[in-house]
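Protein chains: 2
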Amino acid sequence: MLPNADSDRLRVILVAPRNPLNIGAAARAMSNFGFFHLRVVNPYELAFREARSAVGAAPLLAQATEFKTVAEAVVDCTLVVGTTSVGQRQLQHPVRRLDQAARLLSKQLAGGRVALLFGSEKRGLSNEDLSHCHWLLRIPTREEHRSMNLGQAVAVCLYELARDPQASVKPEKHAPAIAADLERLTALLLDALRASGYLKLHPIASQKRRSAAPTEDKIRRLVHRLRLSAPDAELTLGILRQILWKSRKDNDRSQ
Amino acid sequence: MLPNADSDRLRVILVAPRNPLNIGAAARAMSNFGFFHLRVVNPYELAFREARSAVGAAPLLAQATEFKTVAEAVVDCTLVVGTTSVGQRQLQHPVRRLDQAARLLSKQLAGGRVALLFGSEKRGLSNEDLSHCHWLLRIPTREEHRSMNLGQAVAVCLYELARDPQASVKPEKHAPAIAADLERLTALLLDALRASGYLKLHPIASQKRRSAAPTEDKIRRLVHRLRLSAPDAELTLGILRQILWKSRKDNDRSQ
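Here it is, written out as structure tokens:
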């Protein structure tokens, strides 16, 4: 088993779950394997209330916290990992097999909070959800039947994570940046891209769709891929702020 | 994954299951992990009929066979293993942890049929059931909450059995950026820092030394720490070029 302090840093996040039995089953598996912090994003309200009776997991469910968006639910986490049944989709994310993923998660848990995201029963995680993730994990199932029941997927992931024999590995030198900083960085970078006219020139903008979302997702993914430490995130934020400030000043003067 | 011929020799046996959802969930996990032979001993009849619609597992359930006793259900198996949430009870059986048990089961599956028994939701396997077993396996859970949901216990056991510890798949990744690109990135970032006045404001500049070298080193180290892939380096170079181009244009206009 993981050291208690480490397992206490995991946040299991169910995004838009619909079936109370699955929420209850997820909570029960968490309790079985020693993970106690459940977060639920935008659940079907009735389902969330009905779930509160899962065998042996009532206290855990009573303490579960509810969020409107994935961004809010992961705001204090240094690593955000999504689960997927799909191989590579159109994903720009690396997809790791559960056993390898568990080793990385264990390492990270030694130093900071880690979010493990599970999508809704029908659709899994959306592209917007995925844009908040640093990388994805996949439970190795048969090609022909990849989609697992939500409660069972949670149980298998937590089993693998709890049993990790490597459990205590050294944390990284600097604490990784928290999601809130990465979100600020994404917003600033988007501002800089707009101010410089970059978005007008490059297909990244997907102007055809008349929506900023794909660009925003793409930039967020880029920022997450950088795996910034907390000090580097701060440094980068400072650089971007200064570049933007100068760009606005020049712009004002030239008008 | 196990060789198909081997996984085809496993018999998953549910003894006296009561909840159709659990029977369905067990079948779905079997299908996910490539085990197709389900046997059910003395089920609550209605539950067994209702289970037949589990997502993606209908054919498997339709072929499930029903037995009156454990003795009949295991009659063609060379190894019979029971699952238990209890440590040693009054059991005279050896109890193995799932990961060790799975290795033994894999070996045995190479040569003969193996039965894996799961007890009913409420009581687990009875002493009479256990008397048919060669040994027992236990999923390593918290002492304080050992009892797992039936469908989740099946999923975890089959995951462990199906996964081949030898198969190590590397995450699919892009080639890392070459040093020349990182050097270009460093130079551009320094230009942007100078153009924006950042270097004058921040100690990173080490102005006292009247030398750009420490700053350059610091920025180069930052760029290297990002561990950019080749496509991400190209993307970032493009962004920086555009920001610099705009900044120069504004600057020219304002002078």
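Residue numbers (the working numbering), protein chains in the order written: chain A, 7 to 261; chain B, 7 to 261.
Don't be surprised by glycine CBs; every beta carbon is placed ideally from N, CA and C.
Because the structure is a prediction, the values reported are computed rather than measured.
message: Please report the distance separating the alpha-carbon of HIS199 of chain A from that of GLU240 of chain B.
response: By one-based count along the first sequence, residue 199 of chain A stands at place 193. By one-based count along the second sequence, residue 240 of chain B stands at place 234. According to the sequence displayed, residue 199 of chain A carries Leu and not His. Between LEU199 of chain A and GLU240 of chain B, the C-alpha separation is close to 15 Å.
query: From LEU167 of chain B to LEU111 of chain B, what does the alpha carbon distance come to, in whole angstroms?
result: Within the second sequence, the letter at position 161 stands for residue 167 of chain B. Within the second sequence, the letter at position 105 stands for residue 111 of chain B. So the alpha carbons of these two residues sit roughly 8 Å apart.
message: Quick check on the burial criterion: 16 or more other C-beta atoms within 10 angstroms. Buried or exposed for VAL81 of chain B?
response: For the purposes of this step, residue 81 of chain B is taken as the residue at position 75 of the second sequence. Label assigned to VAL81 of chain B: exposed.
message: Would ILE184 of chain A pass as an interface residue toward chain B - the criterion being a Cβ-Cβ separation below 7 Å?
response: Translated into the one-based positions of the first sequence, residue 184 of chain A becomes position 178. For ILE184 of chain A, the answer is no, since every Cβ of chain B falls outside 7 Å of its Cβ.
message: Between which two residues does the beta strand (DSSP E) holding ALA161 of chain A run?
response: Within the first sequence, residue 161 of chain A is the residue found at index 155, counting from 1. No beta strand (DSSP E) holds ALA161 of chain A; the alpha helix (DSSP H) holding it covers 156 to 169.
task: Could you have a look at PHE73 of chain A and say whether DSSP puts it in helix, strand or coil?
output: Reading the first sequence from its first residue, position 67 is the one you call residue 73 of chain A. Reduced to three states, the DSSP call for PHE73 of chain A is strand.
query: ASP256 of chain A CB to nearest chain B CB: under 7 Å?
result: As a first step, residue 256 of chain A must be located in the first sequence, where it is residue number 250. Yes, ASP256 of chain A lies at the interface with chain B (some Cβ there is under 7 Å from its Cβ).
- request: Below 8 Å CB to CB, which residues in the same chain sit around LEU8 of chain B once its five sequence neighbours on both sides are set aside?
  value: Residue 8 of chain B sits at position 2 when you count from the first residue of the second sequence. Only GLY40, SER112, LEU115, LEU167, ALA168, ASP170 meet the Cβ criterion.
- prompt: Given that ASP238 of chain B touches chain A, what residues does it touch there, using C-beta distances under 7 Å?
  reply: Indexing the second sequence from 1 puts residue 238 of chain B at position 232. Near ASP238 of chain B (Cβ distances below 7 Å), the residues of chain A are LEU228, ARG231.
Within 7 Å, strictly: CB atoms of VAL46 of chain B and GLU72 of chain B: For this step, residue 46 of chain B is matched to residue 40 along the second sequence. For this step, residue 72 of chain B is matched to residue 66 along the second sequence. Cβ atoms of VAL46 of chain B and GLU72 of chain B: closer than 7 Å.
Alpha-carbon to alpha-carbon, GLY118 of chain A and PRO177 of chain A: What you label residue 177 of chain A is simply residue 171 of the first sequence in a count that begins at 1. What you label residue 118 of chain A is simply residue 112 of the first sequence in a count that begins at 1. Because PRO177 of chain A carries a pLDDT of 41, less than 50, the predicted location of this residue cannot be relied on, and no value is offered for it.
- request: Would you mind telling me which residues of chain B sit closer than 7 Å to ASP105 of chain A, beta carbon to beta carbon, in chain order?
  value: Counting from one through the first sequence, the residue named residue 105 of chain A turns up at place 99. Under the 7 Å cutoff, chain B gives ARG169.
field: Inter-residue spacing [alpha-carbon to alpha-carbon] between GLU51 of chain A and ILE145 of chain B
entry: Mapped onto the first sequence, residue 51 of chain A falls at position 45. Mapped onto the second sequence, residue 145 of chain B falls at position 139. For GLU51 of chain A and ILE145 of chain B, the distance between alpha carbons rounds to 33 Å.
- prompt: Counting only beta-carbon atoms, is MET154 of chain A nearer than 7 Å to chain B?
  reply: Locating residue 154 of chain A in the first sequence gives position 148, counting from the first residue. By this cut-off, MET154 of chain A is an interface position.
task: With a floor of 4 residues, list each alpha helix (DSSP H) that falls wholly inside the segment 129 to 159 of chain B, ordered by position along the chain.
output: 133 to 136
- prompt: By the 10 Å Cβ neighbour count, where 16 or more other Cβ atoms means buried, how is LEU207 of chain B classified, buried or exposed?
  reply: Looking up residue 207 of chain B in the second sequence gives position 201. It is exposed - the Cβ of LEU207 of chain B has fewer than 16 other Cβ atoms within 10 Å.
Boundaries of the beta strand (DSSP E) in which THR90 of chain A is found, first to last residue: Reading the first sequence from its first residue, position 84 is the one you call residue 90 of chain A. From DSSP, THR90 of chain A is part of no beta strand (DSSP E); its letter is neither H nor E.
message: Does the contact criterion of 3 or more C-beta pairs under 8 Å hold for the segment 133 to 150 of chain A versus the segment 56 to 67 of chain A?
response: no
field: Below-7 Å beta-carbon distance, TYR50 of chain B vs any chain A residue
entry: Sequence index remark: in the second sequence, residue 50 of chain B carries index 44 (1-based). Not an interface residue.
Interface residues of chain B facing PRO65 of chain A [CB-CB closer than 9 Å]: Looking up residue 65 of chain A in the first sequence gives position 59. Within chain B, no residue comes near PRO65 of chain A; the closest Cβ sits about 11 Å away, beyond 9 Å.
- prompt: Roughly how many angstroms separate the alpha carbons of ILE184 of chain B and ALA11 of chain A, rounded to a whole number?
  reply: In the second sequence, residue 184 of chain B corresponds to position 178, counting from 1. In the first sequence, residue 11 of chain A corresponds to position 5, counting from 1. Computed Cα separation, rounded: 39 Å.
field: Burial state of GLN172 of chain A, where buried means 16 or more other Cβ atoms lie within 10 Å
entry: Against the first sequence, residue 172 of chain A aligns to sequence position 166. Residue placement at GLN172 of chain A is flagged as unreliable, the pLDDT there being 45, under the threshold of 50; the coordinate-derived value follows with that caveat. Exposed: under 16 other Cβ atoms inside 10 Å.
message: Going by DSSP in three states, ILE245 of chain B sits in which element: helix, strand or coil?
response: Sequence index remark: in the second sequence, residue 245 of chain B carries index 239 (1-based). Residue state, collapsed to three classes: helix.
message: Could you check whether the Cβ of GLN69 of chain B sits closer than 7 Å to any Cβ belonging to chain A?
response: Your numbering for residue 69 of chain B matches position 63 in the second sequence. Output row for GLN69 of chain B: interface = no.
query: Exposed or buried, what is ASP135 of chain B when buried is set at 16 or more other beta-carbons lying within 10 Å of its beta-carbon?
result: Position 129 of the second sequence holds residue 135 of chain B. So ASP135 of chain B ends up on the buried side.
message: Once the 5 residues before and after VAL76 of chain A are set aside, which same chain residues still bring their CB inside 8 Å of it?
response: As a working mapping, residue 76 of chain A is identified with position 70 in the first sequence. Excluding positions up to five away in sequence, the list reads ILE19, VAL21, VAL47, LEU123, GLU134, ASP135, HIS138.
field: Secondary structure of ALA121 of chain A, DSSP reduced to three states
entry: For the purposes of this step, residue 121 of chain A is identified with residue 115 of the first sequence, where counting begins at 1. Residue state, collapsed to three classes: strand.
query: Counting only beta-carbon atoms, is LYS128 of chain B nearer than 7 Å to chain A?
result: As a position in the second sequence, residue 128 of chain B is number 122, starting the count at 1. Taking Cβ atoms only, chain A never reaches closer than 7 Å to LYS128 of chain B, which makes this a no.
query: Using a Cβ-Cβ cut-off of 6 Å (strictly less than) and excluding sequence neighbours within five positions of LEU234 of chain B, which residues of its own chain qualify?
result: Taking the first residue of the second sequence as position 1, residue 234 of chain B is located at position 228. Once the five neighbours on either side are set aside, the close Cβ partners of LEU234 of chain B are ALA183.
task: Please name the residue in A:LEU16, A:ARG17, A:LEU27, A:ARG15 whose C-alpha comes closest to that of GLN158 of chain B.
output: Translated into positions along the second sequence, residue 158 of chain B becomes position 152. When each option's Cα is compared against that of GLN158 of chain B, the closest is A:LEU27.
- request: Can you tell me which of A:LEU228, A:VAL86, A:ALA53 puts its alpha carbon nearest to the alpha carbon of ASN25 of chain A?
  value: Here residue 25 of chain A refers to the residue found at position 19 when the first sequence is read from its first residue. Out of A:LEU228, A:VAL86, A:ALA53, A:ALA53 has the C-alpha closest to the C-alpha of ASN25 of chain A.
- prompt: Excluding five sequence neighbours on each side, which residues of the same chain lie with their C-beta closer than 8 Å to the C-beta of ASN257 of chain B?
  reply: Stepping through the second sequence from its first residue, residue 257 of chain B is reached at position 251. Excluding positions up to five away in sequence, the list reads ALA201.
- prompt: Who are PRO182 of chain B's beta bridge partners in DSSP?
  reply: Residue mapping note: residue 182 of chain B aligns to position 176 of the second sequence, counting from 1. Looking at the DSSP assignment, PRO182 of chain B forms a beta bridge with B:SER235.
- request: For ARG227 of chain A, collect the residues of the same chain with a Cβ closer than 6 Å to its Cβ; drop the 5 residues on either side in sequence, then sort them by chain order.
  value: Along the first sequence, read from residue 1 onward, the residue named residue 227 of chain A stands at position 221. Answer for ARG227 of chain A: GLN98, SER137, listed in chain order.
task: Spell out the partners DSSP gives ILE19 of chain A in its beta bridges.
output: Here residue 19 of chain A is taken as the residue at index 13 of the first sequence, counted from 1. The partner list for ILE19 of chain A (beta bridge, DSSP) reads A:ARG45, A:LEU123.
- prompt: Between ARG254 of chain B and ASP197 of chain B, what straight-line distance do the alpha-carbon atoms span, to the nearest angstrom?
  reply: Locating residue 254 of chain B in the second sequence gives position 248, counting from the first residue. Locating residue 197 of chain B in the second sequence gives position 191, counting from the first residue. Between ARG254 of chain B and ASP197 of chain B, the C-alpha separation is close to 11 Å.
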